[in-house]
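Accompanying notes for the structure given below.
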Ligand code: CP
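Residue numbers (this note's numbering): 902 to 1211.
Printed below as a string of structure tokens:
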């Protein structure tokens, strides 16, 4: 099935074949993302970025990729400057925006907001993160990072460390990894474990999932260590956040027993959970991961808006 005109709200909206098609196209897009080749693939296309939560990578990588492909963007990056501040509903905002441009990229603090937006819009909607729900385009670039490092996604052992409760990147990526036959290891502070419904989806998909208390032993035979920040903004109670803040940190001592090919990933921003000393090691993949957001989003948006990529 073609991706042209499709919404991408959850990674579960994409089949394995479609994910593979996007990853192949993303590889072809790397020279365009680096500015070594030019393209007008999105000429005459106008993309609306509606960001109702802070973002650096997702918003600016979308803006970068659209402009590098000859398209144009209009952006809401400060929610307090939109008419939602006056009480306009998300439905009405999206319905109106869908008449302005050719597609909408939405980030919103409420889980389910992107699905609601897709119902209100007659143009494709891409979920750029909905609360503690999903972040499918992050998953695509995470998969691209692993594939670039290992040449495959199947058979990898991926350790997730951190806030697995509120971390939407984990919810999306764990599902995708189960589709590709990776082994999943979960390590989280006791109050920040994977939500039951996400775990049920993984079990239903036949995923191989284990849980560990101490990440040190799991790191020893891992291929990927995927670290996440504790999502402070999702805590209702600051005291609850204080109980878990700073409860884990990856440094060179933790990585001393790891395989030489282990890569450390992080969706970023980091707030102390990976020591800067790791940046200079061959394990550090997080800045390459952030760059790969540009070619991956180039590929996805081209396929959705034009039906082809590269
Ligand atoms: N990984 C990610 O979503 O980063 P931003 O919040 O900066 O977009």
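Note that CB positions come from ideal geometry on N, CA and C, so glycine has one too. Remember, predicted model here, so these are calculated numbers, not experimental data.
Cα-Cα separation between residue i and residue j, rounded to whole angstroms
i            : j            : result
residue 1282 : residue 1017 : This structure does not reach residue 1282, given that the chain is present from 902 up to 1211, and the question cannot be answered.
residue 1125 : residue 984  : 43 Å
residue 1037 : residue 1131 : 19 Å
residue 1114 : residue 1065 : 13 Å
residue 1075 : residue 941  : 35 Å
residue 1202 : residue 951  : 15 Å
residue 1098 : residue 1012 : 14 Å
residue 1067 : residue 1175 : 19 Å
residue 943  : residue 926  : 15 Å
residue 1019 : residue 999  : 10 Å
residue 970  : residue 939  : 7 Å
residue 904  : residue 1053 : 23 Å
residue 1137 : residue 953  : 19 Å
residue 1101 : residue 1069 : 16 Å
Residues near residue i in its chain [Cβ-Cβ closer than 8 Å; skip 5 each side]
i            : result
residue 1192 : 934
residue 1155 : 1116, 1117 and 1120
residue 907  : 914, 1025 and 1205
residue 1207 : 905, 942, 943 and 946
Own chain partners of residue i with C-beta closer than 6 Å, once the 5 adjacent residues on each side are dropped
i            : result
residue 1190 : 1046 and 1166
residue 973  : 947
residue 1027 : 909 and 1006
residue 1111 : 1086
residue 1210 : 926, 1200, 1203 and 1204
Residue i (DSSP reduced to helix, strand or coil)
i            : result
residue 1031 : strand
residue 1176 : coil
residue 1111 : strand
residue 1084 : strand
residue 1194 : helix
residue 1188 : helix
Beta-carbon separation (whole angstroms), residue i vs residue j, contact threshold 8 Å
i            : j            : result
residue 1015 : residue 1031 : 5 Å
7 Å Cβ shell around residue i - same chain, five flanking residues per side excluded
i           : result
residue 912 : 1035, 1037, 1040, 1073, 1076 and 1077
Tell me, please, whether the stretch 1099 to 1116 touches the stretch 1131 to 1148 by the rule of three or more beta-carbon pairs shorter than 8 Å.
The answer is no - the stretch 1131 to 1148 does not touch the stretch 1099 to 1116, with fewer than three Cβ pairs under 8 Å.
Inspect the CB distances between the stretch 1091 to 1102 and the stretch 1043 to 1060 and report whether three or more fall short of 8 Å.
Output reads no: the stretch 1043 to 1060 does not touch the stretch 1091 to 1102.
Three CB pairs or more closer than 8 Å across the stretch 1180 to 1188 and the stretch 915 to 932
These segments do not touch.
Stretch pair the stretch 952 to 971 + the stretch 1197 to 1205: three plus CB contacts closer than 8 Å:
With a cut-off of 8 Å, the stretch 1197 to 1205 and the stretch 952 to 971 count as touching, because enough Cβ pairs lie within range.
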